[in-house]
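Here is the structure we will look at, set down as structure tokens.
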Amino acid sequence: MDAVCPRCANTDGQRIDWRFIGDALRRDVFSLEHGIVHTLVWLLLRPGRVIGDYLAGRRAGYAKPLWLLVSTAALVVLLNRLLPGTGTMADFNAGAQAAIGAQPAAPDNAERAVALLRGLGTWAAANLSILTLLLVPLEAAALKLAFWRAARLNYPEWLTITAFLTAQTFLLWSIGIALRGVFPHAELWATRLAMGWFLYSLIRSFDGLPWWNALLRGAVGLALYVAGASVAVGLVVLAVVLVVSAG
171 MDAVCPRCAN TDGQRIDWRF IGDALRRDVF SLEHGIVHTL VWLLLRPGRV IGDYLAGRRA
231 GYAKPLWLLV STAALVVLLN RLLPGTGTMA DFNAGAQAAI GAQPAAPDNA ERAVALLRGL
291 GTWAAANLSI LTLLLVPLEA AALKLAFWRA ARLNYPEWLT ITAFLTAQTF LLWSIGIALR
351 GVFPHAELWA TRLAMGWFLY SLIRSFDGLP WWNALLRGAV GLALYVAGAS VAVGLVVLAV
411 VLVVSAG
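Structure follows, in structure tokens:
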């Protein structure tokens, strides 16, 4: 085994080969002490404990939240590509596309704008997990605002909490995608379960608050996040229309 530097954790002459990759997967993904699977299992069963431990500095037993977030988002994208069936957002987008197509003929600029908006809608439906990933900072800000004066946490700490909870949501979403070929509307029910588990996890993360207070604040935070995301998407649509019209 190669010697490990105690200060920087680098190794001397460790070549990246299949053994290296296997060791990395065993250590970082499947480890029973601090791997991704271990962290995700405890994040589902004891979310308050995982979040509380991590914020308190007891982090050695858990995967890093950013790595957890990116990995679960990638899992959603991969399952959507590999497994048959269409997702909830794809079904909604198909309806929106049909509604757009039913509109009367429009001038050339408007037609180009509609075509571009259709493309954006198709991309968003196919890559909703990536879009959700990009909006995590907004979600963290919404939750921080909702828990103002109730939780003395700074914004980076809220980013950490939101990363854990979004990874939890991605995991439940992945299970729904995996089951959508067997059970009708499995993905929709998994999304609803994820929403409820998100709020439950917030309640368990703030035991110092009455459960109804944490539940109400969590619901307000999600509402603020949805409103903010809708405004952001609206601004993107407006920008697209203005750019196409100017061209």
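The opening position of the sequence shown corresponds to residue 171 in the working numbering, with each subsequent residue numbered one higher.
All residues carry an ideal CB built from backbone N, CA and C; glycine is no exception.
Please confirm whether residue i has its beta-carbon closer than 9 Å to some beta-carbon of chain B.
| i | result |
| --- | --- |
| Ala397 | No chain B appears in the structure shown, which is made up of a single protein chain. |
Are residue i and residue j touching if we call contact CB-CB under 9 Å?
| i | j | result |
| --- | --- | --- |
| Ala320 | Leu394 | no |
| Thr302 | Thr339 | yes |
| Ser344 | Val413 | no |
| Ala310 | Gly398 | no |
| Leu379 | Ala364 | no |
| Leu323 | Leu225 | yes |
| Leu214 | Trp381 | no |
| Ala333 | Ser241 | no |
| Ala233 | Gly205 | yes |
Is it right to say residue i is buried, meaning 16 or more other beta carbons lie within 10 angstroms of its own, or is it exposed?
| i | result |
| --- | --- |
| Phe353 | exposed |
| Leu202 | Low confidence applies here, because Leu202 scores a pLDDT of 45, under 50, leaving its location unreliable; read the following figure in that light. Exposed, by the Cβ-count rule. |
| Arg387 | buried |
| Tyr325 | exposed |
| Leu405 | exposed |
| Pro299 | Residue 299 is actually Ser in this sequence, not Pro. Counting Cβ neighbours within 10 Å, Ser299 comes out buried, since at least 16 surround it. |
| Gly351 | exposed |
| Trp318 | exposed |
| Gly227 | exposed |
| Ser112 | Missing from the structure shown is residue 112; the chain here goes from 171 to 417 and no further. |
Between residue i and residue j, how many whole angstroms is the CB-CB distance? I'm expecting something under 8 Å.
| i | j | result |
| --- | --- | --- |
| Leu349 | Leu369 | Not confirmed; about 22 Å, so no contact. |
| Leu313 | Gly391 | 4 Å |
Hey, is the region 204-219 in contact with the region 302-320, meaning 3+ C-beta pairs nearer than 8 Å? no
Report yes or no: do the region 354-370 and the region 221-237 share at least 3 C-beta pairs separated by less than 8 Å? no
Evaluate contact between the region 215-226 and the region 242-252, counting only Cβ atoms and requiring at least three cross-stretch pairs below 8 Å. no
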